[in-house]
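J.: Residue numbers for the sequence shown follow this note's numbering, beginning at 8 and rising by one.
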Amino acid sequence: MEMIAFAKVFCTDSHVSPATFLESCGIADLITTCYGGRNRKIGEAFAKTGKTIEELEKEMLNGQKLQGPATATEIHHILKQKNMVEKFPLFTAVYQICFNGHPVTEFINCLQNHPEHM
Numbered sequence: 008m009e010m011i012a013f014a015k016v017f018c019t020d021s022h023v024s025p026a027t028f029l030e031s032c033g034i035a036d037l038i039t040t041c042y043g044g045r046n047r048k049i050g051e052a053f054a055k056t057g058k059t060i061e062e063l064e065k066e067m068l069n070g071q072k073l074q075g076p077a078t079a080t081e082i083h084h085i086l087k088q089k090n091m092v093e094k095f096p097l098f099t100a101v102y103q104i105c106f107n108g109h110p111v112t113e114f115i116n117c118l119q120n121h122p123e124h125m
């Protein structure tokens, strides 16, 4: 839901169709990213150990980097510049958890209280 909203707000040069995000390529990529490989492995270790993402990348990925944290930083920077942080609570929660020490449970609370669910 926030990915679609973000695209609609910031990709104004072309039509943004929600169907694109819901087709197999969009959903499959999201599921694979969340449940497979290094993203899940580092995410799980991050939640369990309290180590930073950078520490876990060094320990577990032999110098490789995750794409998600860098993307979260870029998205947060854009939202901050446009004074839209509060309009994207899930993106903001991911950034706060990754870089500002907020507890992982904050994301669950954010999901439960997201305006789309109210």
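Just so it is clear, CB atoms sit at the ideal spot from N, CA and C, and this is done for glycine as well.
What residue range is occupied by the uninterrupted alpha helix (DSSP H) comprising N116?
T.: Indexing the sequence shown from 1 puts residue 116 at position 109. Per DSSP, N116 belongs to the alpha helix (DSSP H) from 112 to 119.
J.: Touching or not, the region 84 to 94 and the region 68 to 75, by the rule of three or more beta carbon pairs under 8 angstroms?
T.: When C-beta atoms of the region 84 to 94 are compared with those of the region 68 to 75, fewer than three pairs fall below 8 angstroms, so the two segments do not count as touching.
J.: For I34, count neighbouring C-beta atoms within 10 Å of its own C-beta (all shown protein chains included) and say buried if the count is 16 or more, exposed if not.
T.: Counted from its first residue, the sequence shown places residue 34 at position 27. With fewer than 16 Cβ atoms within 10 Å of its Cβ, I34 is classed as exposed.
J.: Taking Cβ positions, are F98 and E30 nearer each other than 9 angstroms?
T.: Within the sequence shown, residue 98 is the residue found at index 91, counting from 1. Within the sequence shown, residue 30 is the residue found at index 23, counting from 1. No, the Cβ-Cβ distance between F98 and E30 is not below 9 angstroms.
J.: With a threshold of 8 angstroms on Cβ separation, who are the neighbours of R45 within its own chain once the five nearest residues in sequence on each side are excluded?
T.: For the purposes of this step, residue 45 is taken as residue 38 along the sequence shown, with counting starting at 1. M67, L68, Q71, L73, listed in sequence order.
J.: Rounding to the nearest angstrom, what Cα-Cα distance links P76 and Y102 in this structure?
T.: Stepping through the sequence shown from its first residue, residue 76 is reached at position 69. Stepping through the sequence shown from its first residue, residue 102 is reached at position 95. Each residue's alpha carbon lies about 8 angstroms from the other.
J.: So is M10 in contact with chain C if we call contact Cβ pairs under 9 angstroms?
T.: Among the protein chains of the structure shown there is no chain C, as only one such chain exists.
J.: Alpha helix (DSSP H) containing H84: first to last residue?
T.: The residue labelled residue 84 in the question sits at position 77 within the sequence shown. Segment 74 to 88, the alpha helix (DSSP H) holding H84.
J.: List the endpoints of the continuous alpha helix (DSSP H) containing M10.
T.: As a position in the sequence shown, residue 10 is number 3, starting the count at 1. Its alpha helix (DSSP H) spans residues 9 to 17.
J.: Can you give the Cα-Cα distance for I115 and S21, rounded to whole angstroms?
T.: If you number the sequence shown from 1, residue 115 lands on position 108. If you number the sequence shown from 1, residue 21 lands on position 14. Using only the alpha carbons, I get a separation of about 33 angstroms.
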